[in-house]
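As they're listed, the protein sequences go chains A and B.
Position one of the first sequence corresponds to residue 1 (the numbering used here), numbered consecutively onward.
Position one of the second sequence corresponds to residue 280 (the numbering used here), numbered consecutively onward.
The beta-carbon is built from N, C-alpha and C at its ideal position, and this holds for glycine as well.
Keep in mind that this is a model prediction, so the values were computed, not measured.
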Amino acid sequence: MINISIRDLRRRVEGIIGLPTIPSTLRQISRVIGDPSISLKEIGEFISNDPALTSKVLKIVNSAAYGFPGRISSVSHATVLLGLNVIKGLLIGVSVFELMQNTMCGLWEHSLGCAVASRLIAKKKGLEGYEDVYVAGLLHDIGKLVLILEFPKEYEQAMEEAEIKGITIFEAEEEHFVTNHAVIGSWLAEKWLFPYNMIEVIRYHHKPYLSKSASIETAIVHLSDILLRAEGLGFAGDPFVPVVSPVAFEALHLSKMDLREILEEMRDSMEIKEELFLS
Amino acid sequence: MPKVSADKLEPGMRLARSVTRGRLLLIAKGTELTEEYIEKIRAMGISAVYIWGPSHPAIPKEEALAQLDRRFRFVGNRPYMDLLKEVVREHIENLYD
């Protein structure tokens with residue numbers, strides 16, 4: 001167990017994104033989206049000024065896995081169609097890709113697959129805010145990235161312990177740190193001024209029964225996470241499938257056919273990684 | 280059903296999903312690709328299309344199913360986990376058929 005109070009841990013987590021070890025694009029994005037006075041237009045201009053970022057954002061929204069009907073050809077078009085919170089989430093999502101590849105290989109695939117599956121389930125359930133659920137899925141494990149960056153040795157130990165003891169990384173984290181990646185991710189989501197529902201999904205995706213204001217959304221990301229590990233796509237820190245919350249599973253009321261379709265989309269989504277970053 | 284990037288398309292491949300732009304149908308599902316169609320797809324800036332056929336999993340089926348068992352080793356008897364495992368098993372088996 002690391003010797004640090006939860007307050008100090010939170011301070012370190014909130015500070016880490018500003019450190020020179022973090023790529024400058026991500027540092028800038030964090031600053032821009034954490035600014036309460038920033039407008040959608042200004043975020044659009046910020047993206048447009050960076051050709052690499054522009055191309056990544058347009059590629060992700062135009063990918064088959066994203067499934068937006070019709071081609072979105074410009075950043076200004078994307079910002080109008082998708083709105084502030086989705087654009088903010090996509091920006092973080094595309095800019096942590098390399099960091100994730102270098103720290104926990106497979107975590108980005110896990111995150112992307114979770115986003116795609118979450119969006120599909122949300123649509124099946126008729127939720128209006130399915131784009132927000134996509135973003136929550138994309139960012140649900142961002143706390144893991146921060147924990148590895150800040151405590152690489154301890155996190156490695158937690159991962160080893162998970163594998164040896166046959167527990168999930170979530171459980172191992174709680175033994176090694178004063179908290180877990182879900183709570184840490186929610187601190188970042190708060191810092192970046194995401195809406196309360198999204199923060200709650202990230203915070204409770206391992207304990208969906210604790211969510212009050214976004215219980216269905218949280219159940220969706222909870223199940224998507226489990227389905228990805230079940231199918232063996234990506235890597236999220238341990239080789240085991242976590243137990244599904246029966247309450248969450250029942251609340252979603254998905255048929256076998258629904259589940260098969262979700263698995264199919266998840267698998268397809270793995271291919272957009274290449275589209276996004278290798279071309 | 281693999282998604283194939285536009286630069287790797289070859290004549291003779293068959294579309295598993297229609298190529299659309301918005302609600303407009305461009306090339307229908309089931310169409311066999313010719314050089315002309317491939318040119319058209321590239322010219323429209325479409326990055327990838329779905330092609331009929333297996334997705335070519337990287338490991339043999341037996342190994343994939345053994346890994347599935349390992350992933351579920353500690354949770355197979357918990358509520359709904361047997362159901363999830365069964366659906367995933369069927370899905371993985373289908374990738375090899």
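Closer than 8 Å to the CB of LYS308 of chain B there is not a single CB belonging to chain A. Interface flag for PRO290 of chain B against chain A is unset, since no Cβ pair is found closer than 8 Å. Residues of chain B whose Cβ lies closer than 7 Å to the Cβ of ALA219 of chain A do not exist; the shortest such Cβ separation is about 12 Å. In the DSSP assignment, ALA219 of chain A falls within the alpha helix (DSSP H) that extends over 215-231.
Residue burial is scored here from C-beta neighbours: MET323 of chain B has fewer than 16 other C-beta atoms within 10 angstroms and is therefore classed as exposed. In the DSSP assignment, TYR134 of chain A falls within the unbroken alpha helix (DSSP H) covering 130-139. When the beta-carbon positions are compared, MET1 of chain A and GLU109 of chain A stay at least 8 Å from each other. Per the DSSP secondary-structure output, ILE306 of chain B pairs in a beta bridge with B:VAL298. Distance check between ASP376 of chain B and each of B:ARG349, B:ARG321 and B:TRP331 places B:TRP331 closest, using alpha-carbon atoms only. Note on geometry: alpha-carbon atoms of THR313 of chain B and THR179 of chain A lie some 57 Å from one another.
Counted as a single uninterrupted DSSP element, the alpha helix (DSSP H) harbouring SER111 of chain A occupies residues 107-124.
For LYS287 of chain B, no chain A residue has a C-beta closer than 8 Å to its own C-beta; the minimum C-beta separation is roughly 10 Å. Here the alpha carbon of PHE68 of chain A sits roughly 16 Å from the alpha carbon of MET266 of chain A. ASN62 of chain A and PRO195 of chain A have their C-alpha atoms roughly 24 Å apart. A residue is called buried once 16 or more other Cβ atoms fall within 10 Å of its Cβ, and PRO339 of chain B, having fewer, is exposed.
Exclusion of the five residues before and after GLY113 of chain A leaves LEU228, LEU233, GLY234, MET266, SER269 and MET270 as the residues of its chain whose Cβ lies within less than 7 Å of its Cβ.
A residue is called buried when at least 16 other Cβ atoms come within 10 angstroms of its Cβ; ASN85 of chain A meets this threshold and is buried.
Not a single C-beta of chain A is nearer than 8 Å to the C-beta of TYR316 of chain B. Straight-line spacing of the CA atoms in SER224 of chain A and VAL241 of chain A works out to 11 Å.
Contact note: VAL366 of chain B reaches chain A through LYS256, LEU259, ARG260 and LEU263, using a C-beta cutoff of 8 Å and chain order. Any Cβ of chain A closer than 8 Å to the Cβ of LYS282 of chain B would place that residue at the interface, and such an atom is present. Around LEU344 of chain B, the same chain offers ARG368, ILE371 and GLU372 as residues with beta carbons nearer than 8 Å, after the five sequence neighbours per side are excluded. At a beta-carbon threshold of 7 Å, the residues of chain B lying near VAL244 of chain A are TYR359, MET360 and LEU363, ordered along the chain. Counting the other CB atoms within 10 Å of its CB gives SER186 of chain A a total of 16 or more, which places it among the buried residues. Look at ARG293 of chain B here: in three-state DSSP terms it is strand. Closer than 9 Å at the C-beta level to chain A, one finds these residues of the segment 328-352 of chain B: VAL328, TYR329, SER334, ALA343, GLN346, LEU347, ARG349, ARG350, PHE351 and ARG352. The criterion of a C-beta distance shorter than 8 Å is not satisfied by ALA136 of chain A and VAL247 of chain A. For ILE17 of chain A, DSSP assigns no beta-bridge partner whatsoever. Less than 8 Å divides the Cβ of ALA117 of chain A from the Cβ of ILE262 of chain A. At least 8 Å separates the CB of ARG293 of chain B from every CB of chain A. A Cβ of chain B is located within less than 8 Å of the beta carbon of GLU271 of chain A.
Contact between ARG260 of chain A and VAL366 of chain B holds: CB atoms are separated by about 6 Å, below the 8 Å threshold.
In the three-state reduction of the DSSP assignment, GLU271 of chain A falls in the coil class, being assigned neither a helical nor a strand state.
Within chain A, the residues whose beta carbon sits less than 8 Å from that of VAL354 of chain B are PHE240, VAL241, PRO242 and VAL243, listed in sequence order. MET257 of chain A is classed as exposed because its beta carbon has fewer than 16 other beta carbons within 10 Å across all chains shown. By the Cβ test, the segment 193-208 of chain A is in contact with the segment 126-144 of chain A, since at least three Cβ pairs between them sit closer than 8 Å.
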